[in-house]
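The opening position of the sequence shown corresponds to residue 3 in the numbering used here, with each subsequent residue numbered one higher.
Backbone N, C-alpha and C fix where the C-beta goes; we use that ideal spot for every residue, glycine too.
First the structure, in the form of structure tokens, and then the observations on it.
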Amino acid sequence: MTTDAACGTKAEYALDDEPQLWPLKTTPFEHYMLVDDRPSHPMAFCIEVLLEGTLQRADLAAALQVALSRHPLLRAVISRRFGRLPEWIPAETWPHLEWIESETLPTLSIPPHLNITREAGLRVWALNVPRTPRLVFQFHHAAVDGVGALEFIGDLLAVYGQRTSPPEAESPELAPLNPNKLKTRGKYGSEGLSFREWFPGYLRYTWENLSLLPRPLARRSGETSRGTPEETSFPPYLTRILETNEVQGIKQAAARWGITCNELYTTIMLQTFHRWNSRQKRPRRGWSRICMPVSLRTPLQHGCPADNQLSYLLINLRNEQLEDFSATLKLVHGTSHHMIGSHDAATFVRNLVWIRRVPWLLKIMTRLPICFGTGVLANVGDVKRQFHGRFPLEKGRVRAGSVVMSGLLGAAPVRPTSGVATSVGVYCRRLLINMNYDRQHLKRTDAEEILDLFIEGLRKMIEPECPAPMA
């Protein structure tokens, strides 16, 4: 492994108006990701970009510099001062490229904990395998969410494509960005609402989630303690891929039932939790909760560099309800339809606003030994649509100069007692499903079985003879 050291320094790409940007206040969600971070359960996530072609090292290193210049939060650290809320300030060194030459796909060593108060929230590896190289990214969740990470990756590929495309070939185009738009973070489009318009829904939804304590995923039957946790692999997730015909079946089933694909994924995942717990002889009583990241981006943030604009939608169901697919789907559909896109979607973040006003309360709450969610399900949608720029396509796949993107893998981080965190996304009409899991609670074989139960549930629901559950 070698490092392109020149890429770790502040370079000529720094923006002229950046002194006006710093320091930049952290938003409540960024603060939450900072406080919830710990070596055993890091609030960092990995994304792998699968490529075909030949990587040019010097061009990739230069493209990384340009992409970083466009996205300030990925070359910043969080400063903590007593009596003040954390702030973003420029990092002394920029993230650099780790270049690995190998004839076969190498196994990456587990990197040290990414402490965003000491280093910028991005690490990049290039695995230069003949014909099928790949890029591996590690992002700190305080800096960007999944959408922000994909925006950055899209810019990196676009700049690389501009540098390596033949003169006569079409090359990618970058979209303009305005770094001052980062000052709009934390504004979720409901600032003009009256107290009467937003408070009743906020109070109702907050009380529902505070009054219900979900059960975590059960350990495998017969195990009372995991003992020594399994060593984390890197990247730390399991992968399954559904091909085009199955993806088309999912879309047709969702359209037939008048729901979204995401509502179908959510319903199947909740039932997967229940099926796993039932296999482990878990009592039927209690609640299950799925945590769904939802983007709070508004037109005001158009042209904003990569950032973190998330809230969580929490869907709670009694475990006995999960035995009925139709009842589960109706509840998921009703909650999603009401919450997503409404001002109530920001309820989780509004609670963080109040909590962080009390010193140490956020830290205390994240360390309570209770389950906040049975699992996480994140849907990034169509991967190509998350890229800011415009790319030439080759058989529907993104072309960036000397390489073509054949796939993209990645999963959300997992916090204590939250069991599994699953991310789904579509690329070239294939559904990419990746699952991260809590190594202190589950074994790899457990996570494999849970993931296969989810796939089995999806395939069952797209069978032609499956009746419409919403009838």
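Secondary structure of residue i, DSSP reduced to three states
i: H43; result: strand
i: W101; result: strand
i: Y314; result: strand
i: W259; result: helix
i: G55; result: strand
i: E245; result: coil
i: T106; result: coil
i: L184; result: helix
i: W90; result: strand
i: L215; result: coil
i: E451; result: helix
i: N117; result: coil
i: E199; result: helix
i: V400; result: strand
i: T11; result: Here the model assigns T11 a pLDDT of 40, short of 50, so the residue's position is not dependable, and the following value carries that caveat. Correct three-state label for T11: coil.
i: R392; result: strand
i: E210; result: helix
i: Y162; result: helix
Which residues DSSP lists as bridging residue i, in chain order
i: G140; result: One point to set straight first is that residue 140 is Gln, not Gly, in the sequence displayed. BP columns for Q140 point to C48, R125.
i: S425; result: A380, N436
i: W289; result: R320
i: R77; result: Bridge partners of R77: none, in fact.
i: D6; result: L99
i: S297; result: L312
i: G409; result: L52
i: K27; result: E89
i: L240; result: M437
i: E172; result: E172 is not bridged to any residue.
i: N130; result: E103
Same chain, Cβ closer than 7 Å to residue i, neighbours up to 5 away in sequence not counted
i: Q22; result: none
i: R136; result: E50, V51, L52, L53, L129
i: A347; result: V296, L298, S313, L315, M341
i: T11; result: With a pLDDT of 40 at T11, under the threshold of 50, the predicted position of this residue should be treated as unreliable, though the coordinate-derived value follows. Here the set comprises T95, W96.
i: I270; result: F456, G459, L460, M463
i: D61; result: Y162, R165, T166
Top-ranked residue by Cα proximity to residue i, from the options
i: E172; options: A449, E50, M437, S404; result: S404
i: F475; options: C263, I292, L266; result: Because the chain here runs from 3 to 473, residue 475 falls outside it and cannot be looked at.
i: L379; options: G421, A347, I155, W200; result: G421
i: P181; options: I112, L76, G85, E100; result: L76
i: R221; options: R461, K445, F456; result: K445
i: S280; options: L364, N321, V355; result: N321
i: C430; options: I243, D309, V37; result: I243
i: E245; options: S42, F47, I435; result: I435
i: G260; options: A69, D440, H339; result: H339
i: R352; options: P88, T208, E170; result: T208
i: E210; options: T349, V149, R286, S196; result: T349
i: P88; options: W24, W127, G150, V126; result: W24
i: F1; options: P307, T134, T424; result: Residue 1 falls outside the range modelled here, since the chain spans only 3 to 473, and no answer is possible.
i: P114; options: L124, E105, L214; result: L124
i: H335; options: P74, S104, L272; result: L272
i: V149; options: H443, R258, P41, R387; result: R387
i: H43; options: V138, L212, T419; result: T419
Own chain partners of residue i with C-beta closer than 6 Å, once the 5 adjacent residues on each side are dropped
i: R217; result: G288
i: S167; result: S173, G403
i: E396; result: V406
i: A8; result: The predicted position of A8 is uncertain, since its pLDDT is 46 and thus under 50; no value can be drawn from it.
i: S408; result: L52, E54
i: L188; result: The question names Leu, but residue 188 in the sequence shown is Gly. So the qualifying residues of the chain are T29.
i: A13; result: Below a pLDDT of 50, predicted positions are generally treated as unreliable, and A13, at 40, falls in that range; the measurement from the model is reported next regardless. Q67, listed in sequence order.
i: A93; result: R77, A78, V79, A122
i: G85; result: none
i: G383; result: none
i: T56; result: S404
Closer than 9 Å to chain D by CB, residue i
i: P108; result: You won't find chain D in this structure, because it holds only one protein chain.
Check: residue i C-beta below 8 Å from any heavy atom of the ligand FMN
i: A78; result: With respect to small molecules bound, the structure shown includes none, and the ligand FMN cannot be examined in it.
Residues near residue i in its chain [Cβ-Cβ closer than 8 Å; skip 5 each side]
i: L364; result: H33, Y34, V37, L354, I357, R358
Subject >> Stretch pair the stretch 318-334 + the stretch 235-253: three plus CB contacts closer than 8 Å >> reply: no
Original post:
Is it a yes or a no for the stretch 147-162 touching the stretch 389-404, going by three-plus beta-carbon pairs under 8 Å?
Top reply: yes
Subject >> Given 8 Å, three or more beta-carbon pairs between the stretch 110-126 and the stretch 138-152 >> reply: yes
Original post:
Three or more C-beta pairs closer than 8 Å, one from the stretch 194-205 and one from the stretch 358-371: is that the case here?
Top reply: no
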